[in-house]
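Those letters in the sequence shown? Residues 1 to 192, by UniProt numbering.
Don't be surprised by glycine CBs; every beta carbon is placed ideally from N, CA and C.
Predicted, not measured: the structure shown is a model, and the values here were computed from it.
Everything below concerns the one structure shown next.
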Amino acid sequence: MLTDLPNVLTLLRIALIPALVALLVLGTAIGHLAALAVYTFACITDYLDGALARRWQQHSELGRMMDPIADKLLVGALLLTLAGTNSLPYHALFAAIIILIREIMVSGLREYVASQGGKLPSTRLAKWKTGLQMVSIGFLVAGNSIVPLLGLKPFNASGLGSILLWLSVIPTVLSGYGYAKAALKHMQKKII
1 MLTDLPNVLT
11 LLRIALIPAL
21 VALLVLGTAI
31 GHLAALAVYT
41 FACITDYLDG
51 ALARRWQQHS
61 ELGRMMDPIA
71 DKLLVGALLL
81 TLAGTNSLPY
91 HALFAAIIIL
101 IREIMVSGLR
111 EYVASQGGKL
121 PSTRLAKWKT
131 GLQMVSIGFL
141 VAGNSIVPLL
151 GLKPFNASGL
161 GSILLWLSVI
171 PTVLSGYGYA
181 KAALKHMQKK
191 II
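Below, the structure is given as structure tokens:
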């Protein structure tokens, strides 16, 4: 179970987080470029762990539990690091706060429902939310400093990342509401 490739990929995603944080804290264009490469690899592992688990029928409770935790750790650590290094535009800070509140709330709801013998499985909307958050964070990690390094015409990567981060707030809030509603329904069943 622990050595199944999908679970290894999930755990690898978590293990990459300190390296990503360190590269961003460097505050250099090269650091951001390296962080973008590592981050892209981490995002690919997020896709691959689920795809391989389905293809090879290697579904496990560990994978079901760790995959959303790995996503939350990756998103949360990077949003906090981007904010702490002034790489997150000020107006996007509010979107980041909404995202972090939702992630912590849903984690708490999942823990509570699990302690009562229930489950709050991931929804399709939550998967879209994670994908949109990951794309937006990719642009924020890239920042404007690496655009010239890549030989691209000047464009505001941080601005695009901010817009996408705000767009990701929509499925973030909607899926959070869906989880809260499902958890409340579970709680009401327990009372009756």
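A22 places its beta carbon 9 Å or farther from that of M105. Ranked by Cα distance from I30, the first of V141, K189, F155 is V141. Excluding five sequence positions before and after P89, the CB atoms of its chain that fall closer than 6 Å to its own CB belong to S158, S162, given in chain order.
Distance check between L24 and each of L78, L9, D49 places L78 closest, using alpha-carbon atoms only. Per the Cβ contact rule, the region 100-120 is not in contact with the region 26-44 (fewer than 3 Cβ pairs under 8 Å). In this structure, L160 sits away from A96, with a CB-CB distance that is not shorter than 9 Å. According to the DSSP assignment, G50 belongs to the alpha helix (DSSP H) that extends over 29-55.
Taking the CA atoms as reference points, D49 sits about 33 Å from F155. Beyond the five residues adjoining it in sequence on each side, S122 comes within less than 7 Å, by CB distance, of P68 in the same chain, given in chain order. Taking C-beta atoms under 8 Å as the contact rule, S107 and K72 qualify, at a distance of about 6 Å. Taking the CA atoms as reference points, I14 sits about 11 Å from N7.
Ranked by how close their Cα comes to the Cα of L167, the residues A182, Q133, I146, F139 have Q133 in first place.
The beta carbon of L5 lies closer than 7 Å to those of L52 in the same chain, with the five residues before and after it left out.
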